[in-house]
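Here the structure comes first, spelled out in structure tokens, and everything after it is commentary.
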Amino acid sequence: MSQVDFYLLNTPEEHRRDGFICRLVEKIYRQRHSVYIHCKDRQETHRLDELLWTFQDISFIPHNLYGEGPNTPPPIQLGFDAIPKQNNDVLINLSTTIPIFYASFQRILEVIPDNEALQAVAREHYQFYKTQNLSLHTHKIQH
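Just so we're aligned: 83 in our numbering is position 22 of the sequence shown, and the numbers increase by one with no gaps anywhere.
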């Protein structure tokens, strides 16, 4: 059974949300998990791709856009319109929809900024995952 974690941020600012996502990915990578970051669109995918290269001078998070790069992909991949085949460990869903491939991941993470519309979407996601009998956890993040 998959586990779903909702990270409720106390800030609406996109740059703070992105910083939290980068730190979260770094932590997951250090724990030796593979991650697929499902973005809402091409623009968000490219923005996070750049941020993962530059958010800290001292860290290195091997990643690439899904379907690009070496034959043996790095453990962190980003995409918005792909159905990932390799990564079935951790899914970070940044989209307003639940991707059709969610069930192939052991763990699903949803990062929710302090935004009324996105919180409403998160409530819908929570109810859906609940109907699927997944293990649900909520974390309130202060920063």
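The beta carbon of each residue, even a glycine, is placed where N, CA and C say it ideally should be.
| Asked | Found |
| --- | --- |
| Quick check on PHE189: does DSSP put it in helix, strand or coil? | helix |
| For LYS88, does the three-state DSSP call read helix, strand or coil? | helix |
| Cβ atoms of LEU155 and ILE89: under 9 Å apart, would you say? | no |
| Check this for me: beta carbons of ASP175 and THR106, under 9 Å apart or not? | no |
| Can you give me the C-alpha to C-alpha distance between GLN180 and LEU70, rounded to a whole angstrom? | 10 Å |
| Apart from the five residues just before and just after PHE166, which ones in its own chain have a Cβ nearer than 8 Å to its Cβ? | SER63, TYR97, ASN148, ASN149, ASP150, VAL151 and LEU152 |
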